[in-house]
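*Asks:* In the working numbering, the protein residues as written are 795 to 1190. C-beta: ideal position from N, C-alpha, C; glycine also.
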Ligand code: PMP
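1) Collect the residues with a C-beta less than 6 Å away from any heavy atom of the ligand PMP and give them in sequence order along the chain.
2) Let me make sure I understand the geometry here. Which of 1019, 831, 801, 973 has the alpha-carbon closest to that of residue 1006?
3) Can you tell which of 804, 1095, 1056, 1132 has the C-alpha that lies nearest to the C-alpha of residue 1032?
4) Contact between the region 1041-1060 and the region 1070-1079: three or more CB pairs below 8 Å?
5) Do you know offhand how far residue 871's Cα is from residue 1083's?
6) Check whether the Cβ atoms of residue 1059 and residue 855 sit closer than 8 Å, and answer yes or no.
7) Helix, strand or coil, according to DSSP, for residue 857 in the structure here?
8) Could you tell me whether the region 968-983 touches the region 905-918, where touching means 3 or more Cβ pairs closer than 8 Å?
9) Nearest-angstrom Cα distance between residue 819 and residue 906?
10) Mind listing, in chain order, the continuous beta strand (DSSP E) runs of no fewer than 3 residues lying wholly within the region 839-906?
11) Rounded to whole angstroms, what is the Cα-Cα separation between residue 889 and residue 932?
12) Assuming the contact rule is C-beta atoms closer than 8 Å, residue 1183 and residue 1141 should be a hit. Round their C-beta distance to whole Å, please.
13) When the Cβ atoms of the region 982-1002 are set against those of the region 945-953, are three or more pairs found closer than 8 Å?
14) Where do the N-terminal and C-terminal ends of the alpha helix (DSSP H) with residue 999 fall, by residue?
15) Do residue 1016 and residue 845 have their beta-carbon atoms positioned less than 8 Å apart in this structure?
16) Any idea what DSSP makes of residue 1012, helix, strand or coil?
17) Given residue 1119, which residues of its chain have a CB within under 7 Å of its CB, disregarding the five upstream and five downstream residues?
18) Taking the continuous beta strand (DSSP E) assigned at residue 1037, which residues delimit it?
19) Taking a contact to mean a Cβ-Cβ separation below 8 Å, would you say residue 1186 touches residue 837 in this structure?
20) Between residue 1145 and the rest of its own chain, which residues show a CB-CB distance below 6 Å, the 5 nearest in sequence each way excluded?
21) Do residue 1035 and residue 1051 count as a contact pair if the criterion is CB distance below 8 Å?
22) Have a look at 963, 1113, 1103 and flag the residue whose alpha-carbon is nearest the alpha-carbon of residue 1001.
23) My output table needs one value for residue 1079: the three-state DSSP class, helix, strand or coil.
24) Taking only the alpha-carbon atoms, compute the straight-line gap between residue 904 and residue 938 and give it to the nearest angstrom.
25) At the level of alpha carbons, what is the spacing between residue 1136 and residue 1116?
26) So the beta strand (DSSP E) residue 952 belongs to, where does it begin and stop?
27) Between which two residues does the alpha helix (DSSP H) containing residue 1180 stretch?
28) Would you report the Cα separation of residue 945 and residue 1069, rounded to the nearest angstrom?
29) Where do the N-terminal and C-terminal ends of the beta strand (DSSP E) with residue 1102 fall, by residue?
30) For residue 925 and residue 1018, what's the separation of their Cα atoms in angstroms?
31) For residue 927, I'd like the list of residues in its chain whose CB is within less than 8 Å of its CB, leaving aside the five on either flank, ordered along the chain.
32) Ignore the nearest five residues each way along the sequence and tell me which others in residue 884's own chain have a CB closer than 6 Å to its CB.
33) Roughly how many angstroms separate the alpha carbons of residue 1189 and residue 936, rounded to a whole number?
34) Is the beta carbon of residue 898 sitting closer than 8 Å to the one on residue 848?
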């Protein structure tokens, strides 16, 4: 890699130059089965014809106007997102972190304009990931992401998802503004929270006048077999929610969704963005939304998810020396390993399979939602071959 780039990424040794569907190609034409998909971003695979058409059409018409002017694509996408969720209003961003930033500001403003100025604390959970802005790293509290960046921001509290009593006490405090949680922890290693857990948290927030924020940047836009992961459960809807990643299928875009009540503090001039909701992003995101929200795609993604999950569980039974657990939801699957996950990812690349890392020594499989049964079987064959190779290497 170039020494002119900040050295913040551990990059793999291969350079993809082209993508088609679930496949990534290097300059020499080697094909890799992509179960990373931009970490759940290329939800419709690479070079999806409808997204290419939407982007090309928009590129010939209008690239950018300031949010000082109405942007038509924002209106249509907000209508779609609100019709499909609990939300009444949307704010468009360029990334997941910015959507989280907007969610946290929305929550604090809600209390401020209601005169509850003491309510500033945000409760987050160990193992979470909300992005890399100051607010996002403080909300998640992962020590390795906050260390060296000056003092922790005040007003952020971390708890364990297993600490029911601590959660109840913290939500009841008069200084608590909001709780932020991923219904399925992505970077933490594909840990899905149960419906009962989310419903209990929802009730606690209601009883105490606290806003509930879901971070569905990774788990949303069809990844778990529903448009948003929390929609698997009744009586668990949030007040505020973030989405990004697959929202634009690879074009940078995010959104913060909220009920009208929760967004009551977000009045003219209190927040904004130059690029957020830009016409190019809106054109692609509208096309991606129409595709992802089609029942046919959701059904086939769910069938592929079950096939992949069953195959991985079968592999886990055959390699108890390597695999401890298969977990997650839909096509957000975590395989918890005994052996080092980084080494396993490199070994998988040797078998032309791309998988992502994750917390608790997991590898994650997050293929495009468009993956076919045949491609799932190819992924399983390559995963199996990787396990066989890693086992032999350990024995040698
Ligand atoms: N929240 C979650 C749950 C995420 O998985 C991520 C990205 N991995 C983010 C927020 C941050 O998104 P971005 O990198 O687009 O800022």
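*Replies:* This is what the structure gives:
1) 833, 889, 890, 891, 894, 923, 924, 925, 976, 980, 981, 1009, 1011, 1012, 1038
2) 973
3) 1056
4) yes
5) 8 Å
6) no
7) coil
8) yes
9) 51 Å
10) 883-887
11) 17 Å
12) 6 Å
13) no
14) 989-1002
15) no
16) coil
17) 1130
18) 1034-1037
19) no
20) 1176, 1179, 1180
21) yes
22) 963
23) helix
24) 31 Å
25) 13 Å
26) 950-953
27) 1167-1189
28) 30 Å
29) Segment 1089-1112 is the alpha helix (DSSP H) holding residue 1102; no beta strand (DSSP E) there.
30) 20 Å
31) 891, 892, 894, 895
32) 872, 875, 1049, 1051
33) 35 Å
34) no
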